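Chemist: Residue numbers (this note's numbering): 1166 to 1746. We put the CB at the ideal spot given by N, CA and C, even for glycine. This structure is a prediction, so every number in the text was calculated from the model and none was measured.
1. Among the residues of its own chain, which have a CB less than 6 angstroms from the CB of residue 1432, if the five just before and after it don't count?
2. Measuring alpha carbon to alpha carbon, tell me which residue in 1423, 1611, 1326 and 1656 is nearest residue 1251.
3. Determine the direct distance from the alpha carbon of residue 1278 to that of residue 1454, and round the result to whole angstroms.
4. Cβ of residue 1388 within 8 angstroms of Cβ of residue 1401?
5. In chain order, which continuous runs of the alpha helix (DSSP H) of length 4 or greater are located wholly inside the stretch 1593 to 1665?
6. Can you give the Cα-Cα distance for residue 1225 and residue 1539, rounded to whole angstroms?
7. Please report the residue range of the beta strand (DSSP E) in which residue 1679 lies.
8. Can you name, in chain order, every residue of its own chain whose Cβ lies under 8 angstroms from the Cβ of residue 1477, other than the five neighbours on each side?
9. Applying the 10 Å Cβ sphere with the 16-neighbour rule, what's the burial state of residue 1612?
10. Does DSSP classify residue 1459 as helix, strand or coil?
11. How many angstroms separate the CA atom of residue 1493 from the CA atom of residue 1452?
12. Helix, strand or coil: which one does DSSP assign to residue 1480?
13. Excluding five sequence neighbours on each side, which residues of the same chain lie with their C-beta closer than 8 angstroms to the C-beta of residue 1240?
14. Helix, strand or coil for residue 1469, going by three-state DSSP, please let me know.
15. Indicate the three-state DSSP secondary structure (helix, strand or coil) for residue 1506 in the structure shown.
16. For residue 1231, which of helix, strand or coil comes out of DSSP?
17. Look at the Cβ atom of residue 1520, then the Cβ atom of residue 1561, and state whether they are nearer than 8 angstroms.
18. Rounded to whole angstroms, what is the Cα-Cα separation between residue 1405 and residue 1392?
19. Check the C-beta distance from residue 1344 over to residue 1314 and give it rounded, since I have them as a contact under 8 angstroms.
20. Tell me whether the beta-carbon of residue 1676 lies closer than 8 angstroms to the beta-carbon of residue 1284.
21. Helix, strand or coil for residue 1764 per DSSP?
22. Less than 8 angstroms between the CB atoms is what I'm expecting for residue 1465 and residue 1471, so what's the real figure, rounded?
23. Secondary structure at residue 1686, three-state DSSP: helix, strand or coil?
24. The alpha helix (DSSP H) that contains residue 1277, what's its start and end?
25. Would residue 1652 pass as a contact of residue 1678 if the rule is Cβ separation under 8 angstroms?
26. Mind checking who residue 1707 pairs with in its DSSP beta bridge?
27. Once you ignore the five residues that flank residue 1729 on each side, which residues in its own chain have a CB closer than 6 angstroms to its CB?
28. Given 8 angstroms as the limit, is there contact between the stretch 1327 to 1338 and the stretch 1358 to 1369, that is, 3 or more CB pairs closer than that?
29. Is the beta carbon of residue 1683 closer than 8 angstroms to that of residue 1644?
30. For residue 1713, write down the residues that DSSP places opposite it in a beta bridge.
31. Drop a sphere of 10 angstroms on the beta-carbon of residue 1638, count the other beta-carbons inside from all chains shown, and report buried for 16 or more, exposed for fewer.
32. To the nearest angstrom, report how far apart residue 1352 and residue 1346 are at their CA atoms.
33. Going straight from the alpha carbon of residue 1237 to that of residue 1420, what length do you get?
34. Residue 1214 bridges to which residues according to DSSP?
35. Would you mind sorting residue 1253 into buried or exposed? The rule is 16 or more other CB atoms within 10 Å of its CB.
36. Residue 1319: buried (16+ other C-beta within 10 angstroms of its C-beta) or exposed?
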């Protein structure tokens, strides 16, 4: 019920190849203006539309499509290539990266739950990604399909058992376990005698899972149909349980296949073109699970050079620049390995759009003035040529974006604040006056300013500044944790970048801690969470004591036993930063 940008209410024209209505849509359904500008919504919900037998077309907008397009637009001119969504499959370096759960920023497989599954499922081909996308969902999890699938996947194909050989045609491609909606419909037709129409009705009932009684009416038909065809009651009950599980967001196979394509392409780009991938993600915000700070931290850990915002070099969007003294030679699509990351890569110049409080129009005027008349010579020159207000200049100074014009941040703030005192007739003139030499701020203060003004820092990570103090308390970094044996008691500390309590986790909380070396995944059982709830929820810098575990496929996490809120160690950074993530 959402109107597309620029689409008139008279929808007799073709949209995506279909004619939606013969006349005005407003004659059929009540329409009202949406909160978002230039958008309209239909007042009836999708179930009402379905009851009235009206055609409903879902138009799914994915931010990752925009990010991938932006990445192609950066890579192809630089490499002299013409890569697109048809990037060759079976790239071993890409799948190596995926199996290690090195997927921050990648479409669909960047969440904590997906990262935990990747080392266990170990995708090595495209269809593995189709399954991966679909299996980490409430439907398969609640239906108890995950562990049977992983168990069967480890077996030779001839050792996978089926209740009856008739079901092999429906379940063979997923190792004997139904994962997709289409398979549930196939099983209902083969094992319970459903007609095609009845199976489609079952699909619709699964889609209407919030409406009580809609799915339950199929129970007797499923159980009795399977019993009549010789299936054990236990199997029939398990299948219906899985059907109920699918009613909580089970995936159609076609949907998962489409998503898996974007998963693979975004993974390939992260693996082989990490600089362009970071640049495209930054220019597509808001997007995905991770903030610009986390994306930048991850890219720098992969040897991507990221350069600060500067009015004489930055455009509104983030851009790519050659590394000093280096030339990026063309490289064909699919070339290189994971080891290329950092080599043969341009630098990423952060864009003016990241400056908190600076409007888009002001950023565009800076870019236009510099392109027209060259670099700016002085803060007054910038303010005059780009027609910036004192507030604009103060935002730029706070973001350390005037370095090439005024030196360190304190000098920038001083000069930006002094601009308002100049008479209007003299604005744009470089008046001779002695600059006040201010001492540079300490690194900790600079980091505070960075987070407050841009949401990220290119200086040392806050935890790097605290590492000597943390080490005295026996608090390990993510890199140090990776080297200890499973089952050992350990203590870690990091900035809290995520707290998740999935519906399927039965009260278990998952916390992500970030330090200067990487991320630590923390599991908090419900009882432990209740005992330490205020500490966990109130801490931005959290110390965790627990047991270090390596699970199936080398999945790593800290099983929490105790917590300590270390916010005071961050000082003002804990309360004044705009965004730690």
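Modeler: Taking the definition as stated:
1. Position 267 of the chain shown, counting from 1, holds the residue named residue 1432. So the list reads 1259, 1263 and 1271, once near-sequence residues are dropped.
2. The residue labelled residue 1251 in the question sits at position 86 within the chain shown. Out of 1423, 1611, 1326 and 1656, 1423 has the C-alpha closest to the C-alpha of residue 1251.
3. For this step, residue 1454 is matched to residue 289 along the chain shown. For this step, residue 1278 is matched to residue 113 along the chain shown. So the two alpha carbons sit approximately 12 angstroms from each other.
4. By 1-based counting over the chain shown, the position of residue 1388 is 223. By 1-based counting over the chain shown, the position of residue 1401 is 236. Against a cut-off of 8 angstroms, the Cβ pair of residue 1401 and residue 1388 comes out as a contact.
5. 1608 to 1619, 1627 to 1637 and 1643 to 1646
6. Counting from 1 along the chain shown, the entry for residue 1225 is found at position 60. Counting from 1 along the chain shown, the entry for residue 1539 is found at position 374. C-alpha separation (whole angstroms): 43 angstroms.
7. Looking up residue 1679 in the chain shown gives position 514. Per DSSP, residue 1679 belongs to the beta strand (DSSP E) from 1674 to 1680.
8. Counted from its first residue, the chain shown places residue 1477 at position 312. The residues are 1535, 1540, 1541, 1569 and 1570.
9. Taking the chain shown and counting its residues from 1, the one referred to as residue 1612 is at position 447. Its Cβ being crowded by 16 or more others within 10 Å, residue 1612 is buried.
10. As a working note, residue 1459 is residue 294 in the chain shown. Helix, per DSSP.
11. What you label residue 1493 is simply residue 328 of the chain shown in a count that begins at 1. What you label residue 1452 is simply residue 287 of the chain shown in a count that begins at 1. Confidence is the limiting factor: at residue 1493 the pLDDT is only 48, short of 50, which leaves the residue's position unreliable and the question unanswerable from this model.
12. The residue labelled residue 1480 in the question sits at position 315 within the chain shown. Residue state, collapsed to three classes: coil.
13. If you number the chain shown from 1, residue 1240 lands on position 75. Cβ neighbours of residue 1240 beyond the five flanking positions: 1246, 1248, 1434, 1438 and 1441.
14. Numbered from 1 along the chain shown, position 304 holds the residue referred to as residue 1469. Residue state, collapsed to three classes: coil.
15. Against the chain shown, residue 1506 aligns to sequence position 341. Residue placement at residue 1506 cannot be trusted, given a pLDDT of 47 that sits under 50; what the coordinates show is reported in the next sentence. Residue 1506 falls in the coil class under three-state DSSP.
16. Mapped onto the chain shown, residue 1231 falls at position 66. Helix.
17. Along the chain shown, one-based indexing puts residue 1520 at 355. Along the chain shown, one-based indexing puts residue 1561 at 396. Their beta carbons are under 8 angstroms apart, which means residue 1520 touches residue 1561 by this criterion.
18. In the chain shown, counting from the first residue as 1, residue 1405 sits at position 240. In the chain shown, counting from the first residue as 1, residue 1392 sits at position 227. Rounded to whole angstroms, residue 1405 to residue 1392 spans 13 angstroms at the Cα level.
19. To locate residue 1344, count along the chain shown from 1; it is residue 179. To locate residue 1314, count along the chain shown from 1; it is residue 149. So it is a contact: roughly 7 angstroms between Cβ atoms.
20. Looking up residue 1676 in the chain shown gives position 511. Looking up residue 1284 in the chain shown gives position 119. No. Outside cutoff.
21. As shown, the chain starts at 1166 and ends at 1746. That puts residue 1764 outside it, with no answer to give.
22. Position 300 of the chain shown, counted from the start, is the residue given in the question as residue 1465. Position 306 of the chain shown, counted from the start, is the residue given in the question as residue 1471. Correct: roughly 6 angstroms between the Cβ atoms.
23. For this step, residue 1686 is matched to residue 521 along the chain shown. Note: residue 1686 maps to strand in three-state DSSP.
24. Against the chain shown, residue 1277 aligns to sequence position 112. It spans 1277 to 1286 - the alpha helix (DSSP H) in which residue 1277 sits, taken as one unbroken run.
25. The residue you call residue 1652 lines up with position 487 of the chain shown. The residue you call residue 1678 lines up with position 513 of the chain shown. Contact: no.
26. Sequence index remark: in the chain shown, residue 1707 carries index 542 (1-based). Looking at the DSSP assignment, residue 1707 forms a beta bridge with 1659 and 1730.
27. Walking along the chain shown from the start, residue 1729 turns up at place 564. These residues qualify, in order along the chain: 1708.
28. no
29. Here the question's residue 1644 lines up with position 479 in the chain shown. Here the question's residue 1683 lines up with position 518 in the chain shown. Yes, the Cβ-Cβ distance between residue 1644 and residue 1683 is below 8 angstroms.
30. Walking along the chain shown from the start, residue 1713 turns up at place 548. Residue 1713 pairs with 1723.
31. Sequence index remark: in the chain shown, residue 1638 carries index 473 (1-based). Under this definition residue 1638 is an exposed residue.
32. Residue mapping note: residue 1352 aligns to position 187 of the chain shown, counting from 1. Residue mapping note: residue 1346 aligns to position 181 of the chain shown, counting from 1. Rounded to whole angstroms, residue 1352 to residue 1346 spans 10 angstroms at the Cα level.
33. To locate residue 1237, count along the chain shown from 1; it is residue 72. To locate residue 1420, count along the chain shown from 1; it is residue 255. The straight-line gap from Cα to Cα measures roughly 23 angstroms.
34. Here residue 1214 corresponds to residue number 49 of the chain shown, with the count starting at 1. The partner list for residue 1214 (beta bridge, DSSP) is empty, contrary to what the question assumes.
35. Residue numbering aside, residue 1253 sits at position 88 when the chain shown is read from its first letter. Answer is exposed; the Cβ neighbour count stays below 16.
36. As a position in the chain shown, residue 1319 is number 154, starting the count at 1. Exposed.
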